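Notes for the one structure printed next.
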Amino acid sequence: MVFNPQLDCHVEVITGDGELGYPANAPYDRVVCTAAVSSLP
1 MVFNPQLDCH VEVITGDGEL GYPANAPYDR VVCTAAVSSL P
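If you're matching positions, the sequence shown starts at 1 in full-length UniProt numbering and goes up one per residue.
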């Protein structure tokens, strides 16, 4: 975890394949998901 002074809280970033979720920290009160593509088909 890293303290973010702009948010005045600790932030934890987890990256990887989220197909099975991340049960180690479940349950969650919110989830943020982002995605990007290099071009549209």
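Every residue gets a Cβ at the ideal spot worked out from N, C-alpha and C, and that includes glycine. Computed from a prediction, not measured in an experiment: that's the story for all the values here.
Rounding to the nearest angstrom, what Cα-Cα distance links Q6 and T15 in this structure?
Going from the Cα of Q6 to the Cα of T15 covers about 22 Å.
If you check the beta carbons only, do M1 and E12 fall under 8 Å apart?
Against a cut-off of 8 Å, the Cβ pair of E12 and M1 comes out as a contact.
Where the beta strand (DSSP E) containing C9 begins and where it ends
Where C9 is concerned, the enclosing beta strand (DSSP E) stretches over 9 to 11.
Hey, how far is the Cα of V31 from the Cα of H10?
Straight-line Cα distance between these residues: approximately 15 Å.
Taking V37 as part of the beta strand (DSSP E), name the residues at either end of that continuous run.
No residue range can be given for V37, since it is assigned to no beta strand (DSSP E) and is classified by DSSP as neither H nor E.
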